[in-house]
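So the structure is just underneath, and the comments pick up after that.
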Amino acid sequence: MDAIPIRAARRGDVPSLLLLWAAMVEENARLDPRLAVHPDAKEHMARTLAGWVDDPHRVVLVAEEHGRLVVGFAAGQVLAGNGLQAPARLGEVTDCYVVPARRRRGAGRRLAARLLDLLAEKGAEAVRLQVVAKNAAAQAFWTSAGWEPLEEVLEKPVAKGAPPAATSRP
Ligand SMILES: CC(C)(COP(=O)(O)OP(=O)(O)OC[C@H]1O[C@@H](n2cnc3c(N)ncnc32)[C@H](O)[C@@H]1OP(=O)(O)O)[C@@H](O)C(=O)NCCC(=O)NCCS
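Mapping of the sequence shown onto my numbering: residues 12 to 181, in sequence order.
Structure below.
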């Protein structure tokens, strides 16, 4: 089976990118309802994705089958480091998604590898990403490509109506 070609996203891809982004967040919200997005998020994201495609600090790639059907995408950016730790310029993978019907054919790995190369070309000294703790497939995907855990994000719900924590007085 031929590899699905990867190319830089264009303005005309924004409607497809939006559909893929919505499918990605819905999939992760099914795994963990805390990740459900706001009903207005899609509208906001349509504008955001259009901005990403034109932003020289960002990379947006699509996997396009038969020259017309976008079946996956990956996006990232390069930011200044926090000034306290190396690296001085840090890449971030913000998104990586392949439609379920086209998974396990190497498209995700090729999207991620190309993204990493382009972020390195833009000056990234290291690249980070966040992966959903309950998404075992995504965890396995990144681990299989040599990514290693750095920090964990912990969350605890706050009881509604709980009194504010006591503050100590001098
Ligand atoms: C994660 C994701 C992008 C992988 O895309 P993909 O095109 O299926 O990935 P690949 O075919 O390139 O897989 C490469 C390797 O990753 C690992 N992998 C991928 N999916 C896996 C799964 N479901 N279970 C176990 N390992 C998996 C395997 O080692 C695989 O190599 P193999 O097929 O030779 O065994 C895709 O599953 C996806 O879009 N998931 C939902 C969105 C998401 O969670 N994205 C990550 C955001 S951080």
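Using N, Cα and C, we set each Cβ at its ideal position, and we do this for glycine too.
Tell me where the beta strand (DSSP E) around GLN150 begins and ends.
-> It is not in any beta strand (DSSP E) - GLN150 instead sits in the alpha helix (DSSP H) that spans 147–155.
Give the single residue among LEU72, ASN93, HIS77, ALA91 whose Cα lies nearest to the Cα of ALA85.
-> LEU72
Put GLY172 into one of helix, strand or coil per three-state DSSP.
-> coil
Range covered by the alpha helix (DSSP H) that runs through ARG121 = 118–132
What does DSSP give as the partner residues of GLU163 in its beta bridges?
-> Paired residue(s): none; GLU163 is not in a bridge.
Counting Cβ pairs, one atom from each stretch, are 3 or more of them under 8 Å apart for the segment 101–111 and the segment 130–138?
-> yes
Reduced DSSP secondary structure (H/G/I, E/B, other) of ARG139 | strand
With C-beta atoms as the reference, is ALA123 less than 8 Å away from VAL109?
-> no
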